[in-house]
Structure formats: C-alpha cells, structure tokens
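First up is the structure itself, then whatever we jot down about it.
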Amino acid sequence: MIAQYIAFGVFAAATLGGAVALVWSRNLVHSALYLILSLFGTAGFFVLLSAPFLAAIQVLVYIGAIAILFIFAVMLTRSLTNITDLFNRQMWVGALTGGLLFITVLVGIILPVWGPNGSLAEGLPRSVDVATTRDIGLQLVSGNGYVLPFELASILLTAAMIGAIVIARESE
Amino acid sequence: MNILTEWTPIGLFFIIAAVLPAAPILVAQLLNPSKPNDIKLQTYECGVETVGDTWVQFKVQYYIYGIVFLVFDVEMIFLIPWAIAFNELDMFAFWAGFLFIFLLTDALVYAWRKNALEWE
Amino acid sequence: MTALEFLGLLLIVAGFSTLPLLLAVPLIWVERKVAARIQDRFGPNRVGPYGLIQPIADAIKLITKEDITPAGTDKFVYNLAPILSVASVVLMWAAIPLGPNQSLIGVDLEIGVLYIIAVASLGTLAVMMAGWSSNNKYALLGAFRVVAQLVSYEVPLVLSLLIPVLFAGSLSLQDIIIAQHGMWFILMAPLAMLIFFVSAQAETGRAPFDLLEAESELVAGFNIEYSGMKFGLFFAGEFAHVATNGFLIAHLFLGGWQGPGVTFNGPWWSTLLGIFYFVLKASIFYFMSLLLRNSVPRVRIDQLMDFNWKFLVPISIGNLVMTAFLVMITNAAGFGLASYQPLSEATFFELLPVTLVLFLGNVVVLAVIVGTFGRQLREERLTVEAVAAGD
Chain A
11 MIAQYIAFGV
21 FAAATLGGAV
31 ALVWSRNLVH
41 SALYLILSLF
51 GTAGFFVLLS
61 APFLAAIQVL
71 VYIGAIAILF
81 IFAVMLTRSL
91 TNITDLFNRQ
101 MWVGALTGGL
111 LFITVLVGII
121 LPVWGPNGSL
131 AEGLPRSVDV
141 ATTRDIGLQL
151 VSGNGYVLPF
161 ELASILLTAA
171 MIGAIVIARE
181 SE
Chain B
163 MNILTEWTPI
173 GLFFIIAAVL
183 PAAPILVAQL
193 LNPSKPNDIK
203 LQTYECGVET
213 VGDTWVQFKV
223 QYYIYGIVFL
233 VFDVEMIFLI
243 PWAIAFNELD
253 MFAFWAGFLF
263 IFLLTDALVY
273 AWRKNALEWE
Chain C
534 MTALEFLGLL
544 LIVAGFSTLP
554 LLLAVPLIWV
564 ERKVAARIQD
574 RFGPNRVGPY
584 GLIQPIADAI
594 KLITKEDITP
604 AGTDKFVYNL
614 APILSVASVV
624 LMWAAIPLGP
634 NQSLIGVDLE
644 IGVLYIIAVA
654 SLGTLAVMMA
664 GWSSNNKYAL
674 LGAFRVVAQL
684 VSYEVPLVLS
694 LLIPVLFAGS
704 LSLQDIIIAQ
714 HGMWFILMAP
724 LAMLIFFVSA
734 QAETGRAPFD
744 LLEAESELVA
754 GFNIEYSGMK
764 FGLFFAGEFA
774 HVATNGFLIA
784 HLFLGGWQGP
794 GVTFNGPWWS
804 TLLGIFYFVL
814 KASIFYFMSL
824 LLRNSVPRVR
834 IDQLMDFNWK
844 FLVPISIGNL
854 VMTAFLVMIT
864 NAAGFGLASY
874 QPLSEATFFE
884 LLPVTLVLFL
894 GNVVVLAVIV
904 GTFGRQLREE
914 RLTVEAVAAG
924 D
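Line by line, the protein sequences give chains A, B and C.
Counted from 1, the first sequence has number 75 at position 65 by our numbering; the numbering is strictly sequential.
Counted from 1, the second sequence has number 221 at position 59 by our numbering; the numbering is strictly sequential.
Counted from 1, the third sequence has number 697 at position 164 by our numbering; the numbering is strictly sequential.
If you want it as structure tokens, here you go:
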C-alpha cells in the first residue's frame, strides 16, 4: 500500500510541478519540455487507476505527437524564446479570476462529491472487475455501446485534418 | 493490487533506464581530458565562422506532416481495442470499423489531392 | 513486498536493462564485418582474433575522447538527449519476452506491444531535443527532418502491427507468441510483415532510410555537436534499437520462441531450445537489415515522405481492411479464427483453411498494388533508364 502512496506523490509532483514550471519558465522550449513532464505524470495516474491502455496512449499521442507539434510550433516563433518579464499588467485580474475559479470548482464540484457530507463520503463504490482493453473494444462497436461516438470521432478527426490543411496551405 | 505488481517493475525500469546511460557518460567525464579553447567551443558550420542567428526558416510542411500523423495516431488508438475484440464481435463491428477507417482514408485522399503531402 | 523481494526485482530489472547495451557490442562487430565482406574487404581484424575486441577498443576510445560541449548550448537538454535516446531502447526491453518461460520477460504487460510503441516514440523526442539544444543550424535542420521521418513511419508500423494483434486478440507479446502455436502469423499476413519490416527500418534510421546519419549530407545531422561518449550512446542506442526491432518481428510474425519441441513454461531444455529458435529468427531479420544497408542507395527526403504517405499508408490501411474482412467472413462461415479459440490449442491443419484464405487476400491486395502502381513505377523507371542511356 505504501508503494501506491509513493507513486501517487511522485506523479502528483510531476504533473503539478511540471505545470507550474511550464508557466513560470521564460524559455518556450523549456516550457514545452515541462509540459512533457506534466503529461508523464498524468500517464502515471492512469496506471494507478488500472487503465494502462490509457497511459500508453497518453504517452503515444500526447507526448509522441502533440508535444512534438508544440515543439515545432515553438521553434517557429523562435524570436519569443527570451521573454524577460515574468508578470504582465493583467496580473491582478488574472490572479482574481484564477482564485474565483478555484473556489467555484472547490465548492461546486469537489466538496459535494468528495467532501465530508458528499455523495462519496463512504468511499468509492468498489468494483471487482477491472475493465480491460478488450472490454473497451467490445463496448466501442456494439450497437448499444459507443458506436455512435466512435463514428463521430472519426468525422471530428477528418474535420480537424481538413481544417489544419486549409489553414496551413493558405499561401497557395 | 495486481496493477502495481505489474507496473512497479516498470517504474524501476524507468529509474534504471535513466541512470544506466548516465553511467558511461560519468565514467567518460572522469577519464577524458578537458582542454577547452575558443576555437573548439565554436559552433560547427563546415569550418567557417557562423553566419547569422541560429534559427532556420521553418517549413510549414513539417507541421502539416505532424498534423496528419496526429490524426492517424488518434485513428490507430481507436482501432486498437477494435482489433483486440475483433474475433468475438459480429459483422456489425466490422462495418463500424470499416466506416471509421473509410472516413479517415477520405481525409488522407483529401490531403493528397490538395498537395498537402508534397515535400516542397 | 519485502526488502529482499525488492532487491531481487531490482537485480532482474538491472539485468534486463543492461542486455540491450551489452548486445550492442557484438552487434557492432557483426555490422562492420558483414559490411566489409559485402564490400569485398576484410573489416576489423587486428584487434584480437578476427577483430572481436574492436568494439571494446572503440568504446574505450569514445570514453577517453574529450567531450567538447560548444558554447551556447542548452546544457541540461543537451545532456539529457543521449540519455533519453538510450533509455527509450532500454525501456522497450521491459516487455519483450526472451523465451518460453514467464520469468524470461521483464514484465508481461497486458498492453505489451502498445507500451513498446509508446516508448519508441520517446526516442523521437530525444532526437528533437538533441537537434535543438546543439545551437547549430545543421543540427536543427537535421533534427526536423529526422523527426518528420520517424513520426511519419510510425503510422504504417502501428497499422501493420494491428494485424497480429487482431489474430491473437491481445496486446501482450507472450499471448501473441502463444497464439502462434499452430500457425505462424507470417503465413497469414505476409504483406503486414513486409510493411512492418520496412517501417521498422525507417523508424530506426537504417538504410535506405538513413538520412539521419547521412555522413555526406548535413554532416551527421542532429548529432554534429556531440562527441565522446554521448555520441557513442546515440550510436549504441541505434544498434540496440535495430536489434530490438528484429526481436519484435520475430515475435510478431515468426512465432518468437515457438518451434518443434518447445512448450510454454516447460522443462529447462525446452526453454533453451525456445531461446535458440528465437535468437535464430531475430538474427535472420538483423542480417536482412544489414544486407539491405550495404546494397541499396539512400532515398531522398521527398521520396521518403512520398513513399510513406502515398504508398505505405494506403497499402497498410487496405491490408488491414482486407484482413479484417476475411477474418470476419471466415468467422461467420465457421472455419475462422474464432472457431479455434484458444489459438494455443489449434493445430496447423485446423488453421490451414483460414490461413489459405488470408494468404489469398494478401495476394489480391498485392495484385491491386502492382496493378495500380505498376504502370506508374514502370514509366518512371523507363524515363530514368532513358536518361541514363542517353548520356
């Protein structure tokens, strides 16, 4: 059991620490690398939640594709790699908004569910079976399963690709 | 707790994989000479002085390849559970997967026809 | 888990981690000897009997070379890149089975193959980091090209990988090998094996896709500014990666450690026999990769990309659809893979009809390819030959 706590601590540190460092860093490429650290932390959480499939595709898609695209984009704007100002003039508005958002999420979502009087106060309902990737597959294409979102996802991907090509090829 | 019995060794693998390549580098740092001088520390550009800032004109083509790869990557991760469960599914599952693949092949054909896949 | 168990686990993990790096050493020798013999020369034969100590001499040389880190590099990222590159290969070895015994694998992950692919994508990241942190135009340019290549060839790699996964119904490598008890998957999906082999060559940067280390262009690409052991690590990592790909192909398509006389978790001689079969099959692919390297010219970057997106990807999609269609048809007809579950109990003759159907499907796909592209390729070849003959 102690191993789970250690793992949770490590992944939490990676995710949150990476996110903070990403915002704080003045070098855009370093920020991209901290993003990768943060995404690794998220993949670790998926493992802890007994969803290794999601962890693997988190690494494969987010880190192997999206983070690389970020790094490409960052290198496109290379003139912005040496930002010296840490804060800008909207700092106080931003801090206020961030604080309000945090309190809203805390009071509106976290406390009613996980708080002392919340609906999960007696602990999460434990399920004995852990869904495997095969179960995802069975659900994904079954008629009363998720086949409609499955097809809609492909339409969404097609739209994304067409959109990206249209924008990137504007010069033609 | 079988998720941890399966993945704790992987965690150890990550740690050791990070440490193991560092060992030869550290050994090399101990054993190699270190005589830096100005010329050695210069950036290599075919033996002449560097001209201009170190950045290259970014070709949009790299980004397009990245985007097309991203779309196909996401397609592949949808197809993986489909492939695993395939032998236990009926005909409907095949046609659902076929429609999925067909729509994305459609996108590939679009990219092809719009010359988005050309290198230059 | 007690401290002793933990220590044992640590030793096993350390053992599996050092294997790829130790393997790189004789592989360098094999590579140089084979390349030399193909080029009608001797290769290293001075250092030790038949030059066997040559790789060790090379390693000692690399360790004792001065490590020149040019000014202006991003020190942390610069040092991290070779470590990440080797780490990605070492991590792959966590999930690859070495023999027909559950203890001969680091961890038999439920998501085995997907984990291997995900970890391989970390290598792509390492190249990007190396190219950027070197503060060198050529390194950056080289890194962009390499990343574009690695990223593009992942698509046909995974698409052709889906076919053994489809047959076996599992991502775990031991399961895929066990499912090949009756029939090796290469007979059911030869085209997928070819596509996987070609994509794996491109993924590791082997000829004819070796733009990464094109010594005559871009002056060694993204690792220009690396010297000494850091360069050595990139090098060793690449060799280990090629070997690992050979193992993967052997497992996915040739039945891994399956062979006459081998049973899973059987007696010690069965285990040794299984390891022997497996190493033999993997060596075949490594040797093929060496032969390919020394006989085929390098392709240009635009040819590389066209080959992938306009040829390999459509073919692998078509192959996947055709294979899935035939599996579905045979399942419905009653003699398909679903009728002989679990596949580890099926015999060769039971699986023969479905194998024939799938093989014919592959032949049909191949015929379609030759028909569609054949004319175009023939015209190109004729124009090239006409130009060459006209000079």
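Ideal placement from N, C-alpha and C gives every residue a C-beta, glycine not left out.
Owing to the predicted nature of the structure, the values given are computational and were not obtained by experimental measurement.
- Message: Tell me which residues of the segment 232-260 of chain B have at least one Cβ-Cβ distance to chain A shorter than 8 angstroms, keeping chain order.
- Response: Result list: L232, V233, D235, V236, E237, I239, F240, I242, P243, W244, A245, I246, A247, F248, E250, L251, F254, A255, A258 and G259.
- Residue from I696/C, S828/C, N634/C and F809/C whose Cα sits closest to the Cα of I711/C: Each of I696/C, S828/C, N634/C and F809/C was checked against the Cα of I711/C, and the nearest Cα belongs to N634/C.
- Message: Check this for me: beta carbons of Y227/B and M838/C, under 9 angstroms apart or not?
- Response: Yes, they are a contact pair.
- Query: In angstroms, rounded to a whole number, what distance separates the CA positions of G173/B and A13/A?
  - Reply: Cα to Cα, the separation comes out at about 11 angstroms.
- Query: Do you know offhand how far M163/B's Cα is from A17/A's?
  - Reply: With a pLDDT of only 49 at M163/B, under 50, the local geometry of the prediction cannot be trusted, and no value is derived from it.
- To the nearest whole angstrom, what separates the beta carbons of V829/C and A733/C, a pair I think is in contact under 8 angstroms? Wrong, their Cβ atoms sit about 15 angstroms apart, outside the cutoff.
- N852/C - containing alpha helix (DSSP H), residue span: Start and end: V846 to A866.
- Which residue from I146/A, I172/A, V117/A and I81/A puts its Cα closest to that of T267/B? In terms of Cα proximity to T267/B, the closest of I146/A, I172/A, V117/A and I81/A is I172/A.
- Determine the chain B residues that contact I702/C at a beta-carbon separation under 9 angstroms, and present them in chain order. The sequence shown places Gly at residue 702/C, rather than the Ile named in the question. A245, I246, A247, F248, N249 and E250, listed in chain order.
- Message: Taking beta-carbon pairs under 8 angstroms, can you tell me which members of the segment 174-191 of chain B lie near chain C?
- Response: Answer in chain order: L174, F175, F176, I178, A179, A180, L182, P183, A184, P186, I187, V189, A190 and Q191.
- Message: Short of 8 angstroms Cβ to Cβ, which residues in the segment 140-160 of chain A face chain C?
- Response: Those would be T142, T143 and R144, in chain order.
- Message: Strictly under 9 angstroms for the Cβ-Cβ distance: is S749/C near chain A by that measure?
- Response: Any reading at S749/C is ruled out, since the residue's pLDDT is 48, under 50, leaving its predicted position unreliable.
- Message: Going by DSSP in three states, Q713/C sits in which element: helix, strand or coil?
- Response: Reduced to three states, the DSSP call for Q713/C is coil.
- Task: Please report the Cβ distance between G675/C and G664/C, rounded to the nearest whole angstrom; I am assuming they are in contact, meaning their Cβ atoms lie under 8 angstroms.
- Result: Contact holds; Cβ gap of about 6 angstroms.
- If you measure from the beta carbon of N273/B to each beta carbon in chain C, is any gap under 9 angstroms? Before going on, a small fix: residue 273/B reads as Ala here, not Asn. Interface residue, yes.
- Could one say the Cβ of Y648/C lies closer than 9 angstroms to chain B's Cβ atoms, at least one of them? Y648/C counts as touching chain B.
- Message: Going by beta-carbon coordinates alone, are F730/C and P697/C separated by less than 9 angstroms?
- Response: No, the Cβ-Cβ distance between F730/C and P697/C is not below 9 angstroms.
- Residue from A919/C, P553/C, L683/C and F700/C whose Cα sits closest to the Cα of W842/C: Out of A919/C, P553/C, L683/C and F700/C, L683/C has the C-alpha closest to the C-alpha of W842/C.
- Message: Does I3/A pass the burial test, meaning 16 or more other C-beta atoms within 10 Å, or should it be called exposed?
- Response: Residue 3/A lies beyond the range of chain A shown here (11 to 182); nothing can be said about it.
- Message: Does chain A have any CB closer than 9 angstroms to the CB of F281/B?
- Response: Checking the sequence shown, residue 281/B turns out to be Trp, not Phe. Not an interface residue.
- Output, in chain order, the set of chain C residues within a Cβ distance shorter than 8 angstroms of K276/B. Correct list: empty, because the minimum Cβ distance to chain C is about 13 angstroms.
- Can you tell me which of V619/C, V887/C and H714/C puts its alpha carbon nearest to the alpha carbon of T796/C? Ranking V619/C, V887/C and H714/C by Cα distance to T796/C puts H714/C first.
- Item | W102/A burial status per 10 Å Cβ neighbour count (16 or more: buried) | Exposed.
- Query: When the Cα of L720/C is compared with those of R914/C, F892/C and V546/C, which residue comes out closest?
  - Reply: F892/C is the residue among R914/C, F892/C and V546/C whose C-alpha sits nearest the C-alpha of L720/C.
- Message: Going by DSSP, what residue range makes up the alpha helix (DSSP H) through A921/C?
- Response: Looking at the DSSP string, the run of the alpha helix (DSSP H) that includes A921/C is F881 to G923.
- Message: So, with DSSP's three-state summary, where would you put D929/C?
- Response: The displayed coordinates of chain C run from 534 to 924. Any statement about residue 929/C would go beyond what the structure contains.
- Query: Using the beta-carbon of each residue, which ones in chain A are nearer than 8 angstroms to L595/C?
  - Reply: Going along chain A, no residue has its Cβ under 8 angstroms from L595/C, so there is no contact; the nearest lies around 27 angstroms.
- Task: Name, please, each residue of chain C whose Cβ falls closer than 9 angstroms to the Cβ of F63/A.
- Result: Under the 9 angstroms cutoff, chain C gives E643, I644, L647 and L704.
- Task: Specify whether the segment 814-827 of chain C and the segment 640-652 of chain C touch according to this definition: at least 3 beta carbon pairs, one from each stretch, less than 8 angstroms apart.
- Result: In short, these stretches do not touch, since the Cβ pair count stays below three.
- Task: Can you tell me which of V39/A, Q68/A and L59/A puts its alpha carbon nearest to the alpha carbon of A53/A?
- Result: When each option's Cα is compared against that of A53/A, the closest is Q68/A.
- Straight-line gap, L912/C to S152/A (C-alpha atoms, nearest Å): A small correction: the amino acid at residue 912/C is Glu; Leu does not occupy that position in the sequence shown. E912/C and S152/A: Cα-Cα distance of roughly 47 angstroms.
- Item | Interface residues of chain B facing R179/A [CB-CB closer than 9 angstroms] | Neighbourhood of R179/A in chain B, by CB distance below 9 angstroms: V222, I226, K276, N277 and A278, in chain order.
- Message: By the three-class DSSP mapping on this structure, what secondary structure does G794/C have?
- Response: Coil.
- Message: Quick test of the definition: if touching needs 3 or more C-beta pairs under 8 angstroms, does the segment 608-616 of chain C touch the segment 171-187 of chain B?
- Response: Segments in contact, yes.
- Residue environment, S749/C, which counts as buried when at least 16 other CB atoms sit within 10 Å: Because S749/C sits at a pLDDT of 48, beneath the cut-off of 50, its placement in the model cannot be relied upon, and the following sentence gives the value as read from the coordinates. Here S749/C is exposed: its Cβ has fewer than 16 other Cβ atoms, across all protein chains shown, within 10 Å.
- Query: Name the chain C residues whose beta carbon is nearer than 8 angstroms to that of L193/B?
  - Reply: Per Cβ cutoff of 8 angstroms: I596 and T597.
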